[in-house]
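Notes follow once the structure below has been shown.
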Ligand code: SF4
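Protein chains in written order, with the working numbering: chain A, -13 to 267; chain B, 45 to 575.
What follows is the structure in C-alpha cells.
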C-alpha cells in the first residue's frame, strides 16, 4: 500500500500539459502528405506507388484529374519518396465533417508526353486548406470540455465499436485513457453500453460479419447521437476497400458526423476529431 | 540438393518406408524439406513426424491449383524444432472430388485450420468431429472465396444475422451467459457463450471471425510492394512482426538477403514491439484484478515506447518501416542514443513496477492457479508463443530458427509449466528483461553499411516461407508467387489462430468474473485470427 503510494508520488504528474511542455509529436512523425500542386508534373508516379489509391488520376480529353484523398491515406510516405513535389508533414489533426473535404482534386492540362503541363483548377480541401493545428492536446481538450459542458451539460459518453479494424485504432483510442492524455479530465468517458452513449466511435472497414452488431449498437443509442468514423479504414475502407467480406467505410452503414483520418490516428488526432463532432451539435 | 544433413536423413528414412508414394520436390532453403505425397498418406506422415521426429503441426492450408494441375493442394507445415527445420507436405485433392480426410481427431491443433479450408475452398472434411462453419458465419451463401473462380469484389446479400446454433449444455441449474460480439471495453469483437452451473464455467464456446475482411484473397489482387502495407494491417499490435514475416517470404522467393544492418534494425524494431505490448498486457492483467495503479504505470511506459517508435520510424506502431530487402529508415546517432536511453529508463522503471506488483500480495492471490492451461492440453492444441511457454512449450523461433539478427545475440527463453495467469504474466516480465539485453547487444554490435538490398520483380511460381517470432508467438507467411510481381497465394498464420481454443480449456472450472483476466493473460489478436 505504502509502496504503491510512494511510487505514485515519486512519478508525479505525467499528464501532458502544454504550454508548459511542448507538444510531444516528433519531427520524424509522418502525417499528411503535402503536394506542390502548381508544380506537380506527374501524378502517375504517386498513384503507382500509393498502396491505398489515396493518390489517383484519370485522363480524359487531354486533361487529367488528380486526387489526393486523405480519407484513404495511411501516411506511409512512399509517394514522397518517389516524387520530389510531394513532401511529408507531421500534420495529423485532419478531421473533417465532410468526406468530400478530405479529397483534394486538381485538374491539369496534359503535355504530349503524358505529364502535367499546367494546373487548371482545384477543389476540395486545398481550396480550404486544412491548417495543421498548432493547438496542443491541452488547449484542444479544454475547448472540448467547454463545449461538452455547453452542449451536454456535464460530460460526453462515448461507446467504441470495432467494426472490423486491425486493432491499431483500438490501441490509440485506449491510449486516450492513459495517464499522459487522460481524457477523462475533459469530461469524456468511454462507456460499456450504447444506451449511455452520446457518441459512437467506429473503427475498421465494416465487415459483413459485424454489420448487424454495428447497426444494433447504433439503434440502442438515445438521440441526439453522434457517429465518428476513425482511421483510414473507417473513413474510406482503407487498404481493404470493398470486397466479399468488407463493406468498406462506416458511412455506407451509418450517417457519419466526423471523419478522423490516420492509420491509426494518434491521440491528438482523435481528440481533435471528437471536438469537431461536438461542434455539430 | 542443399538440404541440412538432418533433413536428408529424415528424407531417406521416409523414402525407405513410403517408397515412391512420396517425392522430394525442391529445397528453397536448406532447412525446409518439401514433400509431395499422396492424399492418403497425410495421416501416416503426420504421426511419423509427431512420434519419430518430435515434430509439431504448425500450419495447415490449401491452395487452388485447378487451373494448372486440376487439383487443390493442401499443405501441412511441420516444425521440427530440435532439428531447426521445417517440413512442408503437399497433398493433391482432386477437383472433381474435393474431400479431405481430417486429422483433427488425432491432432487437435488442426481443428480450426481444417474448417477454414472447408469454408474458404469448399473442400469437404471427412471425419472431422465438428465440421461446422468457422470463418463464414451461418447465414453466408454457399461461396468459396479462396477459389480462383471467385471474384474478390463479389457483392453478397446483406447479413441477416442467423443465430449460430451453439451446442446445448443441459442439467439442473445450468444456464448460459452470452457475451459479445461488442464487448464492454475498447477491444475487438468476438462472441463468447458461457455455460455455467452456479459460479464455475462448465463450457465456453467461441464464435470469432467477426472481423474477417478477406485479407488473404486481397493479397492475391495487389502488387507485391502494396501487399507489404497490407501485411502491416493484419494485426495492428504486431504490424512490424507481420510485415517482417512477409518480407522474409518475399526475399526468399526473390533470392535476396537483407544486409546485416537492416537485419539488426529489424531486430530492434521487433523488440520494441515486444516492449510496448508486453508492458501493456502486464498492466491490463493488473487492472482486471483491480490493481489499477500498476496499469497506470504500465500505460505510461507503453506510451514512452510508442513515442520512441515515432521518433525512430515516423510511426507510433512502426508502420512504414518495413520494406522488401531491408528497412526503409536508418537510425542516426541521435536516434540510437534515444533508443539506448529508452532501454535504460524503461528497465529502471519497469523494475520498480515489477516490485510494486510483487509487493501487492492480493494480485498474486488472484493470478496464481487461475486460468490454468495444463502442459498436456497445450501440447495437444499446439499452443505456441507466450501462452505456450507458460505451459511448458520450450520453443521460440528467435532461438530455434534464428531470423534477422537473433543468431548474433545471447538470450534465454523463459519457460514455466504451471500454465496459470501468473505464469503468463511472468513469461512476459522475463521476456522484457531479455529484450533489454537483446537491444543493448544489438546496439553494441550494430553493423554499418546499407539498410536495403534492392528487390526487383519477384520471379513467378516460387514458393517461400517467412517466419518471425512476434511478441505473441510465431507468425508464418507462406507465399506462392505469380507473374507480374504478384502473388497466387499468401497464407497468413498468426499465433492467435492456433491459440484461441486454449481459452476454452483454461477457463473451465473458473468463475465468470475471472474471465477478463484469463482472456487478457492470453491477449489473442482477433484481427490476426479472422483476417
Ligand atoms: S502517404 Fe502513402 S498512402 Fe498517403 S498518398 Fe502517399 S503513398 Fe498514398
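Each residue gets a CB set at the ideal place from its N, CA and C atoms; glycine is no exception.
For this session: With residue 51/A as the anchor, note down where its beta strand (DSSP E) starts and where it stops.
Result: If you look at residue 51/A, you'll find it in the beta strand (DSSP E) that goes 49 to 55.
Problem set entry | Beta-carbon separation (whole angstroms), residue 80/A vs residue 162/A, contact threshold 8 Å | Not a contact, Cβ separation roughly 17 Å.
For this session: Go through its chain and collect everything with a Cβ distance to residue 50/B's Cβ below 7 Å, but skip five positions before and after it.
Result: 127, 129
For this session: Taking only beta carbons into account, state which residues of the region 248 to 267 of chain A come closer than 8 Å to chain B, listed in chain order.
Result: 249, 250, 252
For this session: Mind checking who residue 103/B pairs with in its DSSP beta bridge?
Result: 121/B
Exercise. Closer than 7 Å, CB to CB, is residue 565/B near chain A or not?
Worked result: Residue 565/B does not count as touching chain A.
For this session: Would you verify that the beta carbon of residue 235/A is, or is not, closer than 7 Å to some beta carbon of chain B?
Result: No, residue 235/A does not count as interfacial toward chain B.
Problem set entry | Contact with chain A by residue 228/B, beta-carbon distance below 7 Å | yes
Problem set entry | Segments of 4+ residues assigned as alpha helix (DSSP H) that fall wholly inside the region 339 to 422 of chain B | Those alpha helix (DSSP H) runs which fall completely within the region 339 to 422 of chain B and span 4+ residues are 377 to 403, 405 to 411.
Problem set entry | Spatial distance of residue 396/B from residue 403/B (CA atoms) | 10 Å
Problem set entry | Proximity to residue 509/B [Cα-Cα], best of 473/B, 229/B, 378/B, 445/B | 445/B
Problem set entry | Cα-Cα separation between residue 14/A and residue 223/B, rounded to whole angstroms | Spanning the two alpha carbons is a distance of roughly 42 Å.
Problem set entry | Euclidean distance between Cα positions of residue 82/A and residue 283/B | 27 Å
Exercise. Looking at residue 557/B and the ligand SF4, is the gap between the Cβ and the nearest heavy atom below 6 Å?
Worked result: no
Exercise. By DSSP, does residue 42/B sit in helix, in strand, or in coil?
Worked result: Residue 42/B falls outside the range modelled here, since chain B spans only 45 to 575, and no answer is possible.
Problem set entry | Sheet register partners of residue 74/A (DSSP bridge) | 19/A
For this session: Check whether the Cβ of residue 254/B lies closer than 7 Å to any Cβ atom in chain C.
Result: Protein chains A and B are contained in the structure displayed, whereas chain C is not.
Exercise. How would you label residue 55/A, buried or exposed, when you count the other beta carbons within 10 angstroms and need 16 or more for buried?
Worked result: buried
Exercise. What does a CB cutoff of less than 7 Å around residue 281/B pick up in its chain, not counting 5 residues either side in sequence?
Worked result: 321, 569
Problem set entry | Beta-carbon contacts of residue 580/B that lie in its chain and below 7 Å, excluding the five residues immediately before and after | The question about residue 580/B has no answer, for chain B in this structure spans 45 to 575.
For this session: Specify the secondary structure class of residue 318/B as computed by DSSP and reduced to three states.
Result: helix
Exercise. What's the C-alpha gap between residue 128/A and residue 251/A?
Worked result: 20 Å
Exercise. Any Cβ of chain A within less than 7 Å of the Cβ of residue 557/B?
Worked result: no
Exercise. Is any beta-carbon of chain B found at less than 7 Å from that of residue 148/A?
Worked result: Yes, residue 148/A lies at the interface with chain B (some Cβ there is under 7 Å from its Cβ).
Exercise. Identify the residues that DSSP records as bridge partners of residue 535/B: which are they?
Worked result: 522/B
For this session: Enumerate, from N- to C-terminal direction, the unbroken beta strand (DSSP E) stretches of 3 or more residues contained entirely within the region 206 to 255 of chain B.
Result: 218 to 223, 235 to 241, 245 to 251
Exercise. Hey, does residue 72/B have any beta-carbon neighbour from chain A nearer than 7 Å?
Worked result: no
Exercise. Say the cut is 6 Å; is the CB of residue 41/A nearer than that to a heavy atom of the ligand SF4?
Worked result: yes
For this session: With a 10 Å radius around its C-beta and 16 neighbouring C-beta atoms as the bar for buried, classify residue 478/B as buried or exposed.
Result: buried
Problem set entry | Any C-beta of chain B under 7 Å from that of residue 94/A | no
Exercise. Which residue from 214/A, 220/A, 188/A puts its Cα closest to that of residue 58/A?
Worked result: It is 220/A.
Exercise. Using Cβ-Cβ distances below 8 Å, what residues of the region 400 to 419 of chain B are close to chain A?
Worked result: 400, 403, 404
Exercise. Buried or exposed: residue 157/B, going by 16 or more other Cβ atoms within 10 Å of its Cβ?
Worked result: buried
For this session: Would you kindly work out how many angstroms separate the C-alpha atoms of residue 55/B and residue 511/B, rounded to a whole number?
Result: 23 Å
For this session: Would you kindly work out how many angstroms separate the C-alpha atoms of residue 260/B and residue 223/A, rounded to a whole number?
Result: For residue 260/B and residue 223/A, the distance between alpha carbons rounds to 16 Å.
Exercise. So is the beta-carbon of residue 248/A under 6 Å away from any non-hydrogen atom of the ligand SAM?
Worked result: Although the ligand SAM was asked about, the structure shown includes only the ligand SF4 as ligands.
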